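Reviewing the structure listed below.
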Amino acid sequence: MTQEIMHPRFVWWNGQRRPWEECTIHVTELGWSTVGAVFEGIRAYTGDRPDELYIFRLREHLERLERSMRLVRLKLEYSLDELSEATIDLLRANNVHEDSYIRPLAYAADTSGKRFAQIGHDAALLVNTSPMASHLKSGMTQVAKVSSWRRISEDVMPPRIKNLSNYRNSQLAGMEARLDGYDTAVLLNNQGKVSEGPGACVMLVSGNQVVTPHVGSGILESITRDALIVLLREVLDLEVVEREVDRTELYLADEVFTCGTAAEVTPITSIDKYPVGNGSIGPVTRALESAFDDVLRGRDARYGHWRTPVELAVPAVV
Ligand code: PMP
Numbered sequence: 058m059t060q061e062i063m064h065p066r067f068v069w070w071n072g073q074r075r076p077w078e079e080c081t082i083h084v085t086e087l088g089w090s091t092v093g094a095v096f097e098g099i100r101a102y103t104g105d106r107p108d109e110l111y112i113f114r115l116r117e118h119l120e121r122l123e124r125s126m127r128l129v130r131l132k133l134e135y136s137l138d139e140l141s142e143a144t145i146d147l148l149r150a151n152n153v154h155e156d157s158y159i160r161p162l163a164y165a166a167d168t169s170g171k172r173f174a175q176i177g178h179d180a181a182l183l184v185n186t187s188p189m190a191s192h193l194k195s196g197m198t199q200v201a202k203v204s205s206w207r208r209i210s211e212d213v214m215p216p217r218i219k220n221l222s223n224y225r226n227s228q229l230a231g232m233e234a235r236l237d238g239y240d241t242a243v244l245l246n247n248q249g250k251v252s253e254g255p256g257a258c259v260m261l262v263s264g265n266q267v268v269t270p271h272v273g274s275g276i277l278e279s280i281t282r283d284a285l286i287v288l289l290r291e292v293l294d295l296e297v298v299e300r301e302v303d304r305t306e307l308y309l310a311d312e313v314f315t316c317g318t319a320a321e322v323t324p325i326t327s328i329d330k331y332p333v334g335n336g337s338i339g340p341v342t343r344a345l346e347s348a349f350d351d352v353l354r355g356r357d358a359r360y361g362h363w364r365t366p367v368e369l370a371v372p373a374v375v
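Take the position in the sequence shown, starting the count at 1, then add 57; the result is the number in my numbering.
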């Protein structure tokens, strides 16, 4: 039996598509190089035909990567068009015919022997792809707890960007939740208001209104959140309000879900053991999962501008 290859054939690294095996760095590079690293998480989805693959909001993700790099003082040496082309080329070269995750990572290169606060490092940039199945419309749900950890705030580390070090805070909250028997956490900010999950934003449905913490609540400037606000308004005809959210609103909401590139739309069925609504997936969450799936897989022509088609040359062998 042949061993299944668990990694893609190619990654894109510092300006070139290269074979996976060739992309190595010396062990002394570990450490400070990634403390100031920033990254992106992007999804590509298959369509109904075997040659269809769509990257969701690639441009917006690359723009956020640019903002993240700017904030941590890493210089981006490539144009967003070049990075876009590189990403499309990589998916084609890796013969990707399944729902996938694309992760650009920018870090300080050549840090061995240097001080961590040194300015002006060369930025290394890596883009890799890996399979990531969608759980939309699968019935998957999660139970959550309000974390005892507070979300990092603007005066500590910038939550609005995808700074790798921010994820230490996320990791502590996520580990605590799982050890306590929950699937995920909701973090409050240092004003005690609802902020977000370890790797996803939070929305709640109350009557005909959808409420979500505003960007000043210590959240990442989420691209999914932005898209879902549009779909909730335009497709489901609901009112969406971005404001401060109290913890007890979560306990009293009709529906709660998290959202993000990896989280997509994930229904939350209880928080701190308060059942959300009747404890199963609510109608708004269900309708939103469906509407979002149609957008991601190329069925909803109204949101074509959010999709970058990869145009696979070779149809998948079934
Ligand atoms: N908040 C955090 C902390 C995240 O890590 C993510 C995932 N990137 C999100 C929110 C959702 O952001 P996006 O929709 O851009 O993936």
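Ideal placement from N, C-alpha and C gives every residue a C-beta, glycine not left out. All values reported here derive from a predicted model rather than from experimental measurement.
According to DSSP, simplified to helix, strand and coil, what is residue i?
i: Val92; result: helix
i: Val302; result: coil
i: Phe349; result: helix
i: Met58; result: Confidence in Met58 is poor, its pLDDT being 42 and thus under 50, which makes the residue's placement unreliable; the coordinate value appears in the next sentence. Coil.
i: Pro216; result: coil
i: Ala344; result: helix
i: Ile286; result: helix
i: Tyr308; result: helix
i: Arg359; result: helix
i: Ile280; result: helix
i: Thr241; result: strand
i: Ser274; result: helix
i: Glu291; result: helix
i: Ser204; result: strand
Taking residue i as part of the beta strand (DSSP E), name the residues at either end of that continuous run.
i: Gly317; result: Glu312 to Gly317
i: Glu41; result: Any answer about residue 41 is impossible in this case: the structure gives the chain only from 58 up to 375.
i: Glu120; result: First-last for Glu120: Leu115 to Leu128, but that is the alpha helix (DSSP H), not the beta strand (DSSP E).
i: Thr326; result: Glu321 to Ile328
i: Met260; result: Cys258 to Ser263
i: Ile82; result: Segment: none, Ile82 is in no beta strand (DSSP E) and carries neither H nor E.
Keeping to the same chain, check which residues put their C-beta closer than 6 Å to that of residue i; ignore five residues upstream and five downstream.
i: Leu133; result: Glu123 and Met126
i: Tyr164; result: Ser90, Thr91, Ala94 and Ala181
i: Val292; result: Ala348
i: Ser187; result: Tyr158
i: Val129; result: Gly93 and Val95
i: Arg114; result: Ile280 and Trp363
i: Thr269; result: Met260 and Glu299
Taking the alpha helix (DSSP H) that residue i belongs to, which residues open and close that run?
i: Ile145; result: Leu137 to Ala150
i: Asn226; result: Asn223 to Leu236
i: Met189; result: Where Met189 is concerned, there is no enclosing alpha helix (DSSP H), given that its DSSP letter is neither H nor E.
i: Val268; result: Counting along the chain, Val268 falls outside any alpha helix (DSSP H), though it belongs to the beta strand (DSSP E) covering Gln266 to Pro270.
Could you tell me whether the Cβ of residue i comes closer than 7 Å to any Cβ of chain C?
i: Ser274; result: In the structure shown, chain C does not exist; there is a single protein chain.
I'd like the list of long-range same chain contacts for residue i, defined as Cβ closer than 7 Å, with 5 residues on each side in sequence excluded.
i: Asn265; result: Leu295 and Glu296
i: Cys80; result: Val68 and Trp70
i: Leu193; result: Glu321, Val322, Glu346, Phe349 and Asp350
i: Pro76; result: Arg66 and Phe67
Near residue i, which residues of its chain fall below 8 Å by C-beta distance, leaving aside the five closest residues on each side in sequence?
i: Ala150; result: Arg66, Phe67 and Arg74
i: Gly376; result: No information on residue 376 is available, as it lies outside the stretch 58 to 375 that the chain covers here.
i: Gln228; result: Pro255
i: Arg121; result: Glu97, Ile218, Lys219, Glu278 and Ile280
i: Ile328; result: Val200, Ala201, Lys202, Val203, Val243, Leu307, Tyr308 and Val313
i: Gly336; result: Thr326 and Ser327
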